[in-house]
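Visitor: Sharing a structure, written as structure tokens. Questions coming.
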Amino acid sequence: MSRIVGIDLGTTNSLVATVEAGIPFVIASADGQRLTPSVVHFPESNAPPIVGRLAHRVRILQPERTVYSIKRFMGRRGADVADEKMLVTYPVRGDGAEPVAVALGKRLVSPEEVSAEILRQVRRDAESHFGEPITRAVITVPAYFNDAQRSATQRAGELAGLTVERILNEPTAAALAYGLDKLHERARIAVYDLGGGTFDLSLLELQDGVFQVLATSGNTRLGGDDLDQRLVDRLAARIRATGGPDARADLPMLARLRESAEAAKIRLSTDTEIEIHLPFLTPEFSFRDRLTRAELEDLTRDLITRTRTHCLRALADAQLQPRDLDQVILVGGQTRMPLVRRTVAEIFGCPEFDEVRGDLRLGSDYHRPTGPRLNTSQNPDEAVALGAAIQAEILAGGFRNLLLLDVTPLSLGLETFGGLMNVIIPRNTTIPVKAGEKFTTAVDFQRQMLIHVLQGERERAADNWSLGRFTLEFEPAPKGAARVGVQFEIDANGILHVLARDLQTGRQKVVALKSAVDVSDTDVQRMIEQSVEHAFDDLHARQWIETRLRARETVAATRNGLTSAGDALEPDYRTRVEQALAAVEAALATETPPTQTGDVNRLKSAIAALDEATRPLAELMMDKAMEAHLRKRGLIQ
Ligand code: AMP
Numbered sequence: 001m002s003r004i005v006g007i008d009l010g011t012t013n014s015l016v017a018t019v020e021a022g023i024p025f026v027i028a029s030a031d032g033q034r035l036t037p038s039v040v041h042f043p044e045s046n047a048p049p050i051v052g053r054l055a056h057r058v059r060i061l062q063p064e065r066t067v068y069s070i071k072r073f074m075g076r077r078g079a080d081v082a083d084e085k086m087l088v089t090y091p092v093r094g095d096g097a098e099p100v101a102v103a104l105g106k107r108l109v110s111p112e113e114v115s116a117e118i119l120r121q122v123r124r125d126a127e128s129h130f131g132e133p134i135t136r137a138v139i140t141v142p143a144y145f146n147d148a149q150r151s152a153t154q155r156a157g158e159l160a161g162l163t164v165e166r167i168l169n170e171p172t173a174a175a176l177a178y179g180l181d182k183l184h185e186r187a188r189i190a191v192y193d194l195g196g197g198t199f200d201l202s203l204l205e206l207q208d209g210v211f212q213v214l215a216t217s218g219n220t221r222l223g224g225d226d227l228d229q230r231l232v233d234r235l236a237a238r239i240r241a242t243g244g245p246d247a248r249a250d251l252p253m254l255a256r257l258r259e260s261a262e263a264a265k266i267r268l269s270t271d272t273e274i275e276i277h278l279p280f281l282t283p284e285f286s287f288r289d290r291l292t293r294a295e296l297e298d299l300t301r302d303l304i305t306r307t308r309t310h311c312l313r314a315l316a317d318a319q320l321q322p323r324d325l326d327q328v329i330l331v332g333g334q335t336r337m338p339l340v341r342r343t344v345a346e347i348f349g350c351p352e353f354d355e356v357r358g359d360l361r362l363g364s365d366y367h368r369p370t371g372p373r374l375n376t377s378q379n380p381d382e383a384v385a386l387g388a389a390i391q392a393e394i395l396a397g398g399f400r401n402l403l404l405l406d407v408t409p410l411s412l413g414l415e416t417f418g419g420l421m422n423v424i425i426p427r428n429t430t431i432p433v434k435a436g437e438k439f440t441t442a443v444d445f446q447r448q449m450l451i452h453v454l455q456g457e458r459e460r461a462a463d464n465w466s467l468g469r470f471t472l473e474f475e476p477a478p479k480g481a482a483r484v485g486v487q488f489e490i491d492a493n494g495i496l497h498v499l500a501r502d503l504q505t506g507r508q509k510v511v512a513l514k515s516a517v518d519v520s521d522t523d524v525q526r527m528i529e530q531s532v533e534h535a536f537d538d539l540h541a542r543q544w545i546e547t548r549l550r551a552r553e554t555v556a557a558t559r560n561g562l563t564s565a566g567d568a569l570e571p572d573y574r575t576r577v578e579q580a581l582a583a584v585e586a587a588l589a590t591e592t593p594p595t596q597t598g599d600v601n602r603l604k605s606a607i608a609a610l611d612e613a614t615r616p617l618a619e620l621m622m623d624k625a626m627e628a629h630l631r632k633r634g635l636i637q
């Protein structure tokens, strides 16, 4: 069996790792570095792309031909690319225009192709380390990556000539790296992962070598790059204010600013005040300024605070309190920032944090509060890659005492009657998983059923995210007979396969779910927040839709009853039923969904009154049905 390597395909840096003699380690690149900047430069000649540190340097000279942070664009819709040919440029982001591809002269490069170049580079590094071809890999992605983003990552691997044996969630990988030497402890941990482009929070339980993910939450569009952007804006404004050029109008200058901003941010993790010097922005203008850590913190505090909601949400999902956790592990380069550490310590109630030393104050007179310990022992840059290597080793048959159970980040379900979301696999279900449900038809002699696959946490289908839709044709039959079985299966890579089967004929369809999804990552992120924000509206909406469906059914059944009962009803009684019917129809006529439960209650009590009024009618119908049945069997004349 050939070797499997673990690859952390990061927004900022990528790493390749392996396990040898039971020890995971990161493989150094050709130039002796363990981190390969996830930057690709496409030279003007047809020379092969340049990846890594060199590309990072060239970025300042030729920003328009140099791509960075491509991970943020993975899984974007490819269909629009053709139309936007030559118009899309990279790399300016944060300006509202979201490029889905990179136009390089006459060439158009997709995010997968750019990522494939990075993967090819780390693959080459691994090959020169081992002196043999490498064709198999485990690649990590943020836990919050959706289907489209996971598939795109898988395709990037394939383009780079790798068989992707597993797509692994980054925080899970980090925990795997952390847990390896603690196999016999039972521990609940949070992995707080703030990298260059993404934020992930996972809660895991480690026991006897079993890793179970209890909950995940995160934001695929929040990371160190956003902090850099704040600093870039500030620098650009200061340069203008001191009589300098408009850096935002000049790509190479903007790239210089960006690099200087990131370097300043990193230095302020250890220093409290620094000098920023940008000589010769133009032949006449050099820029010099001082920046304090406090200023950086003021500029970026709201970004860091945004991670708080996700932490609380994951805790609520897992039904845990911070004090139930043993440790909070910090992963991702951005967690080196003191403000991040203080914020995490505050969110989880970790023991008081010694900001100056950047470490925990654990003196002998120190009384440990009840919160979890903030664990900074992992190298935040390497944990994910090491975890990927451990997972690779498990797949290759090593580490037999380790098992990994992962979970779904968002609920998956189908649209049902009235436009509601019917959840089939709830969020935070351990994967791989298979779950199914039977569906009935809404209309008599329906010939086909629309299977609309949704992902999200909202009650109404339209508020969720559409993963794909397809129809299943089947034999017509009266409404309400259970006819279609739908099965969702999420494989170990977190990819969804949907099967729909006509239970009568066995005819079935398995959907090739379109990986193109027309919703931006920000919306995925917002989904979770909105489900909390709109919890009450959603509840009302569901009640409203369900009550209306019931009302319509009751009205139709009553009308049928009145027709077939004919003369057998007393005129007074008939009038009473018709009045109750009219009341339900009037309540139904209110078309807009209610903002108050009172509106639903009006309809509910009208239905209850109709139910009450039709009880004698129902008994009469039962008697008639019984009579018909007995007559048919020859038991009465
Ligand atoms: P990652 O994606 O995990 O490689 O994280 C990269 C991000 O961490 C980038 O935004 C870096 O600027 C940031 N970073 C790396 N080292 C530090 C540091 N010492 N202080 C603050 N941010 C850092």
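If you use the numbering used here, the sequence shown corresponds to residues 1 to 637, in order.
Yeah, the Cβ is synthetic: ideal placement off N, Cα and C, and Gly gets one too.
With distance defined between alpha-carbon atoms, name the residue in Gln319, Ala568, Asp381, Lys632 nearest to Met621.
Guide: Checking every option, the nearest Cα to that of Met621 belongs to Ala568.
Visitor: From the DSSP output, read off the bridge partner residues of Ile276.
Guide: Answer is Asp289, bridged to Ile276.
Visitor: What is the DSSP secondary structure of Leu206, counted as helix, strand or coil?
Guide: Correct three-state label for Leu206: strand.
Visitor: To the nearest angstrom, report how far apart Asp463 and Tyr144 are at their CA atoms.
Guide: C-alpha separation (whole angstroms): 18 angstroms.
Visitor: Under 8 angstroms by Cβ, that's how I've got Gln334 and Ala174 pegged, so tell me the actual separation to the nearest angstrom.
Guide: Not confirmed; about 14 angstroms, so no contact.
Visitor: Are the Cβ atoms of Leu467 and Leu454 separated by less than 8 angstroms?
Guide: Yes, they are a contact pair.
Visitor: In the DSSP assignment, find the unbroken beta strand (DSSP E) run with Asp8 in it and report its ends.
Guide: From DSSP, the beta strand (DSSP E) with Asp8 extends over 4-9.
Visitor: Please report the residue range of the alpha helix (DSSP H) in which Pro171 lies.
Guide: It spans 170-179 - the alpha helix (DSSP H) in which Pro171 sits, taken as one unbroken run.
Visitor: Just tell me which of Thr292, Pro283, Gly32, Glu112 has its CA closest to the CA of Ala261.
Guide: Of Thr292, Pro283, Gly32, Glu112, the residue nearest in Cα terms is Thr292.
Visitor: What I want to know is whether the C-beta of Lys265 ends up closer than 7 angstroms to one or more non-hydrogen atoms of the ligand AMP.
Guide: Within the cutoff, so yes.
Visitor: Take every Cβ of the region 281-296, pair it with every Cβ of the region 157-173, and state whether three or more of those distances are shorter than 8 angstroms.
Guide: No: fewer than three Cβ pairs fall under 8 angstroms.
Visitor: What's the gap between the Cα of Tyr573 and the Cα of Ala586?
Guide: Each residue's Cα considered, the two are about 20 angstroms apart.
Visitor: Can you tell me whether DSSP reads Gln334 as helix, strand or coil?
Guide: Looking at Gln334 - three-state DSSP - the assignment turns out to be helix.
Visitor: At which residues does the beta strand (DSSP E) containing Val433 begin and terminate?
Guide: Start and end: 433-440.
Visitor: Taking the beta strand (DSSP E) that Asp502 belongs to, which residues open and close that run?
Guide: Run containing Asp502: 496-502, per the beta strand (DSSP E) assignment.
Visitor: Can you check whether the CB of Leu9 is closer than 8 angstroms to the CB of Thr135?
Guide: Not a contact, by the Cβ cut-off of 8 angstroms.
Visitor: Report all residues from its chain with a CB closer than 6 angstroms to the CB of Pro322; omit the five preceding and five following residues, and keep chain order.
Guide: Within the same chain, Pro322 has close Cβ partners Phe348, Gly349, Gly371.
Visitor: What is the DSSP secondary structure of Arg368, counted as helix, strand or coil?
Guide: Its pLDDT being 48, under 50, Arg368 is placed unreliably by the model, and the measurement read from it follows with that caveat. In the structure shown, Arg368 sits in coil (DSSP, three-state: anything other than H, G, I, E or B).
Visitor: Go through its chain and collect everything with a Cβ distance to Val58's Cβ below 7 angstroms, but skip five positions before and after it.
Guide: Result list for Val58: His41, Ile50, Thr66, in chain order.
Visitor: Taking buried to mean at least 16 other C-beta atoms within 10 Å of its own C-beta, is Asn560 buried or exposed?
Guide: Exposed.
Visitor: According to the neighbour-count rule (16 or more other Cβ atoms, all chains shown, within 10 Å of its Cβ), is Arg336 buried or exposed?
Guide: Buried, because 16 or more other Cβ atoms sit within 10 Å of the Cβ of Arg336.
Visitor: Taking 7 angstroms as the line, does the beta carbon of Asp381 fall inside it for any heavy atom of the ligand AMP?
Guide: Yes, the beta carbon of Asp381 sits closer than 7 angstroms to at least one heavy atom of the ligand AMP.
Visitor: From the DSSP output, read off the bridge partner residues of Arg166.
Guide: Answer is Val138.
Visitor: Does DSSP put Glu473 in a helix, a strand or coil?
Guide: Residue state, collapsed to three classes: strand.
Visitor: Please work out which residues of its chain come closer than 6 angstroms, Cβ to Cβ, to Ala126, disregarding the five sequence neighbours upstream and downstream, and give them in chain order.
Guide: Excluding residues within five positions, the ones whose Cβ falls inside 6 angstroms are Val5, Val16, Ile27, Ile134.
Visitor: I'd like the span of the beta strand (DSSP E) that includes Leu450, first residue to last.
Guide: Counting along the chain, the beta strand (DSSP E) containing Leu450 begins and ends at 448-455.
Visitor: I want to check one thing, is the minimum distance from the CB of Gln334 to the heavy atoms of the ligand AMP below 7 angstroms?
Guide: Because some heavy atom of the ligand AMP lies under 7 angstroms away, the Cβ of Gln334 counts as near it: yes.
Visitor: Any heavy atom of the ligand AMP within a distance shorter than 7 angstroms of the CB on Asn169?
Guide: Incorrect: Asn169 has no Cβ contact closer than 7 angstroms to the ligand AMP.
Visitor: Would you report the Cα separation of Asn46 and Ile7, rounded to the nearest angstrom?
Guide: Taking the straight line joining both Cα atoms gives about 28 angstroms.
Visitor: Within the same chain, show all residues whose beta-carbon is closer than 7 angstroms to that of Arg150, passing over the 5 residues directly before and after it, in chain order.
Guide: The residues are Val141, Ile167, Asn493, Gly494, Ile495.
Visitor: Taking the continuous alpha helix (DSSP H) assigned at Tyr192, which residues delimit it?
Guide: Note, Tyr192: premise wrong, no alpha helix (DSSP H); beta strand (DSSP E) at 187-194.
Visitor: Quick one: give me the first and last residue of the alpha helix (DSSP H) that Arg373 is part of.
Guide: Careful: Arg373 lies outside any alpha helix (DSSP H), inside the beta strand (DSSP E) at 373-375.
Visitor: Quick check: Leu176 and Gly387, are their CB atoms within less than 8 angstroms of each other?
Guide: Cβ distance < 8 angstroms, so Leu176 and Gly387 count as in contact.
Visitor: Mind reading off the beta-carbon distance from Gly218 to His310? Whole number of angstroms is fine, and I expect it under 8 angstroms.
Guide: 6 angstroms between Cβ atoms; contact.
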